[in-house]
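K.L.:
In this note's numbering, the protein residues as written are 13 to 254.
Here it is in structure tokens:
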């Protein structure tokens, strides 16, 4: 009788243990290593400055396809953390953009594809659902995460786009890398020319003005040069060449 009571007690404790485990523990195990293949490709074919070797991606197309399939087979689950979901969608946007260019390389500009409307083509399948690049950016990343730093993490394969990071985003590194990419882009004279009384900045800040709020205040969070409250703002032309 005493043995039965002990068995029941142990069973109850085990049951409570499993109930108390974090709900996303299974999801975390599924996302662990999910982006490793993409990370290896980025380190191999993207320079630290963000220069992309599209020929290299074409050569490693089988590896890239395997990663895209892994994304398709493992869409974000409700139990995933916010950082896991965000890293997934950033990596997906970048990987499918690279895949698109690699499939059409050498092409001089992404605007030359699909009549300049390639962002609207639903060619991406994830978890059985079809997406376009615009849907990933404007229906998922921007509204669901409400984080303007996303604009410096996704890359549209154009010279004026924020450079592609040569490492994958993960839940563990997401916050530090978003901060680093935002700070680096804003202070890079190739994309933004900042002076205390005037600034010539990327059109990204004009196109997505609603995401940044008061633009001088946003820039001042990261810029080495502090803009005056009345600093004149103008926007630089966007270079869509690869």
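Built from N, CA and C at the ideal position, the CB exists for glycine as well.
1. Using a Cβ-Cβ cutoff of less than 6 Å, which residues in the same chain neighbour residue 234 once the five nearest sequence positions on both sides are dropped?
2. Could you check if residue 222 is buried or exposed, using at least 16 other CB atoms within 10 Å of its CB as the buried criterion?
3. Please name the residue, chosen from 117, 99, 84, 90, that lies closest to residue 162 on a Cα-to-Cα basis.
4. Helix or strand or just coil, what does DSSP make of residue 166?
5. With respect to the alpha helix (DSSP H) encompassing residue 110, which residues constitute its N-terminal and C-terminal limits?
6. Check whether the stretch 230-246 touches the stretch 162-181, taking contact to mean three or more Cβ pairs, one atom from each stretch, closer than 8 Å.
7. Report buried or exposed for residue 214, applying the criterion of at least 16 other Cβ atoms within 10 angstroms of its Cβ.
8. Have a look at the DSSP bridge pairing and note the partners of residue 142.
9. By Cβ distance, which residues of its chain are closer than 7 Å to residue 111, with the 5 residues on each side in sequence left out?
10. Just to confirm the assignment, what range does the beta strand (DSSP E) spanning residue 122 have?
P.N.:
In this structure, then:
1. Counting only residues of its own chain and dropping the five nearest sequence neighbours on each side, residue 234 has a CB closer than 6 Å to the CB of 194, 195, 198.
2. Counting Cβ neighbours within 10 Å, residue 222 comes out exposed, since fewer than 16 surround it.
3. Selected option, being the one with the closest Cα: 99.
4. In the structure shown, the three-state DSSP call for residue 166 is coil.
5. From DSSP, the alpha helix (DSSP H) with residue 110 extends over 94-116.
6. No: fewer than three Cβ pairs fall under 8 Å.
7. Buried: at least 16 other Cβ atoms inside 10 Å.
8. For residue 142, which the question treats as bridged, DSSP gives the partners 137.
9. Excluding sequence neighbours, residue 111 sits near 76, 80.
10. Taken as a continuous stretch (DSSP letters only), residue 122 belongs to no beta strand (DSSP E), as it is neither H nor E.
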